[in-house]
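A short write-up of the structure that comes next.
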Amino acid sequence: MTALLNGEMSVAACRVPNYKNMIIIRTVAELEEFVGHQKRNGNQIGLVPTMGALHAGHLSLVERAVSENPCVIVSVFVNPTQFNNPTDLATYPRKEEDDFRLLAEACVTAVFAPSVEEMYPGGPAAQPRHEFRLGTAAEVMEGKYRPGHFQGVAQVVCRLFQLARPDRAYFGEKDFQQIAVIRNMVESEGIRVEIIPCPIKRADDGLALSSRNALLTPEQRRLAPEIHRALKESVEYSKSHGVRATHDTVVEQIDAVPQMRVEYFEIVDARTLLPVEEWEESPWIVGCITVYCGEVRLIDNIAYRKP
Ligand code: PAF
Numbered sequence: 547m548t549a550l551l552n553g554e555m556s557v558a559a560c561r562v563p564n565y566k567n568m569i570i571i572r573t574v575a576e577l578e579e580f581v582g583h584q585k586r587n588g589n590q591i592g593l594v595p596t597m598g599a600l601h602a603g604h605l606s607l608v609e610r611a612v613s614e615n616p617c618v619i620v621s622v623f624v625n626p627t628q629f630n631n632p633t634d635l636a637t638y639p640r641k642e643e644d645d646f647r648l649l650a651e652a653c654v655t656a657v658f659a660p661s662v663e664e665m666y667p668g669g670p671a672a673q674p675r676h677e678f679r680l681g682t683a684a685e686v687m688e689g690k691y692r693p694g695h696f697q698g699v700a701q702v703v704c705r706l707f708q709l710a711r712p713d714r715a716y717f718g719e720k721d722f723q724q725i726a727v728i729r730n731m732v733e734s735e736g737i738r739v740e741i742i743p744c745p746i747k748r749a750d751d752g753l754a755l756s757s758r759n760a761l762l763t764p765e766q767r768r769l770a771p772e773i774h775r776a777l778k779e780s781v782e783y784s785k786s787h788g789v790r791a792t793h794d795t796v797v798e799q800i801d802a803v804p805q806m807r808v809e810y811f812e813i814v815d816a817r818t819l820l821p822v823e824e825w826e827e828s829p830w831i832v833g834c835i836t837v838y839c840g841e842v843r844l845i846d847n848i849a850y851r852k853p
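Numbering (the numbering used here), first residue to last: 547 to 853.
Structure below.
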């Protein structure tokens, strides 16, 4: 473990020489020891939880974490308990070697990349049953269309928080609802960590960066920016139209594109995530959308009103 703490193990554990001094941690015991060492040295810890297949969106979170914490841990773990669709889990992109290289280049202190067995000994089904209290924010939108998804997210993020004991944790605002749910989990579990939301990163054509974009065919990738285009146009439209009309124009425009189907589009109060009917109902209103582009499920959001 001494080797792990002073960084030597990163060289031994990785075949690619340019991982610099980044440490690769595969087990819970090693992570706990590493974190204990950082805490004893008085180092604040920033955690960036990811499911890998990293893109510039993730790297913007990492960059912020590196600028704010002397120790940054990035977890790379495709969490099976948050997938309600087995095909989605099986096809989720995995690119571990590329991820490690990008993280080393971004000056991350340690990567935590455990196996499923390491995170869930005996398998996910063998874990003690714990129902997280996630509030109504977890029941709408993703919560409605992906039953059990947020319990799975809360389970893995809670475990990562317990193991990595971060001072700050960084999440992308593309998953706007996820941030609200994680805040509720942190509060109900009494975990002391600052949750830091980071802005959505987009490709030049406006498509929100997502690991799932890699699953789009070239034709679907060409069409997918329509999601952001319709949302952006609707912000202007919303200045002279009501909530219902704004909702309908977005859905109509996206549904008119070949291969694209809106699963849901909800215009909600950004704090409660409950639907609004009038723009005057809240100072902070967000439109959250999920669209199937062929078989690929893409999500995005846009603010209509911001305090
Ligand atoms: O947003 C994600 O990639 C995942 O939901 C998270 C937070 C890493 C938990 O598995």
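Positions of the beta carbon are idealized from the N, C-alpha and C atoms, including for glycine.
The model shown is predicted, which means the values in this text are computed figures rather than measured ones.
Return the residue from the list the options that minimises the CA-CA distance to residue i.
{"i": "Val739", "options": "Cys704, Ala770 and Leu762", "result": "Cys704"}
{"i": "Glu827", "options": "Val837, Glu765, Ile835 and Asp815", "result": "Asp815"}
{"i": "Val620", "options": "Leu605, Pro626, Asn631 and Pro632", "result": "Leu605"}
{"i": "Lys778", "options": "Cys834, Pro829, Asn630 and Leu761", "result": "Cys834"}
{"i": "Val699", "options": "Gln723, Asp713, Pro712 and Arg714", "result": "Gln723"}
{"i": "Gln701", "options": "Cys653, Arg679 and Ala659", "result": "Arg679"}
{"i": "Thr818", "options": "Pro670, Phe658, Met568 and Val686", "result": "Val686"}
{"i": "Pro667", "options": "His787, Ser786, Thr573 and Ala656", "result": "Thr573"}
{"i": "Glu651", "options": "Lys566, Gly582 and Cys839", "result": "Lys566"}
{"i": "Met665", "options": "Val727, Glu643 and Leu577", "result": "Leu577"}
Any heavy atom of the ligand PAF closer than 6 angstroms to the Cβ of residue i?
{"i": "Asn625", "result": "yes"}
{"i": "Pro712", "result": "no"}
{"i": "Val594", "result": "no"}
{"i": "Val546", "result": "Outside the displayed span of the chain (547 to 853) sits residue 546, for which this structure offers no information."}
{"i": "Asp645", "result": "no"}
{"i": "Met665", "result": "no"}
{"i": "Met597", "result": "yes"}
{"i": "Asp750", "result": "no"}
{"i": "Val727", "result": "no"}
{"i": "Val702", "result": "yes"}
{"i": "Val654", "result": "no"}
{"i": "Asp721", "result": "yes"}
{"i": "Val699", "result": "yes"}
What's the call for residue i, buried or exposed, on a 16-neighbour Cβ count within 10 Å?
{"i": "Gln766", "result": "buried"}
{"i": "Glu798", "result": "exposed"}
{"i": "Gln866", "result": "Because residue 866 is not part of the residues shown, which for the chain are 547 to 853, the question remains open."}
{"i": "Asn587", "result": "exposed"}
{"i": "Glu677", "result": "exposed"}
{"i": "Pro764", "result": "exposed"}
{"i": "Ala575", "result": "exposed"}
{"i": "Pro712", "result": "buried"}
{"i": "Asp751", "result": "exposed"}
{"i": "Ala802", "result": "exposed"}
{"i": "Thr682", "result": "exposed"}
{"i": "Pro660", "result": "buried"}
{"i": "Asn847", "result": "buried"}
{"i": "Ala636", "result": "exposed"}
{"i": "Pro595", "result": "buried"}
Spatial neighbours of residue i within its chain, please: CB distance less than 8 angstroms, with the 5 preceding and 5 following residues excluded, ordered by chain position.
{"i": "Thr792", "result": "Ser780, Tyr783, Ser784, Ile813, Gly833 and Tyr850"}
{"i": "Cys744", "result": "Ser606, Leu607, Arg610, Tyr716, Phe717, Gly718 and Glu719"}
{"i": "Lys641", "result": "Gly598, Ala599 and Leu600"}
{"i": "Asp634", "result": "Arg843"}
{"i": "Gly603", "result": "Gly718, Lys720, Ile746, Lys747, Ala754, Leu755 and Ser756"}
Counting only the same chain and skipping the five closest in sequence on each side, list residues whose C-beta sits under 7 angstroms from that of residue i.
{"i": "Glu614", "result": "Gly592 and Arg714"}
{"i": "Glu735", "result": "Cys704"}
{"i": "Val662", "result": "Pro626"}
{"i": "Asn630", "result": "Arg692, Pro693, Gly694 and His695"}
{"i": "Ile800", "result": "Glu772, Ile773, Ala776, Met806, Val808 and Val837"}
{"i": "Pro829", "result": "Arg851 and Pro853"}
{"i": "Glu823", "result": "Val789"}
{"i": "Ala656", "result": "Met568, Ile569, Ile571, Phe580 and Ile619"}
Looking only at its chain, what residues have a beta carbon closer than 6 angstroms to the beta carbon of residue i, apart from the 5 residues adjacent to it on each side?
{"i": "Gly689", "result": "Phe696"}
{"i": "Asn589", "result": "Pro616 and Cys617"}
{"i": "Ile742", "result": "Arg714 and Tyr716"}
{"i": "Leu541", "result": "Nothing in the structure corresponds to residue 541, since the chain is present only between 547 and 853."}
{"i": "Met547", "result": "Because Met547 carries a pLDDT of 49, less than 50, the predicted location of this residue cannot be relied on, and the following value inherits that uncertainty. Counting only Cβ-Cβ distances below 6 angstroms, and skipping sequence neighbours, we find Glu579."}
{"i": "Pro821", "result": "Glu812 and Val814"}
{"i": "Ile737", "result": "Phe707"}
Using 7 angstroms as the limit for Cβ to Cβ distance, is residue i near chain D?
{"i": "Thr596", "result": "The structure shown contains no chain D; it holds only a single protein chain."}
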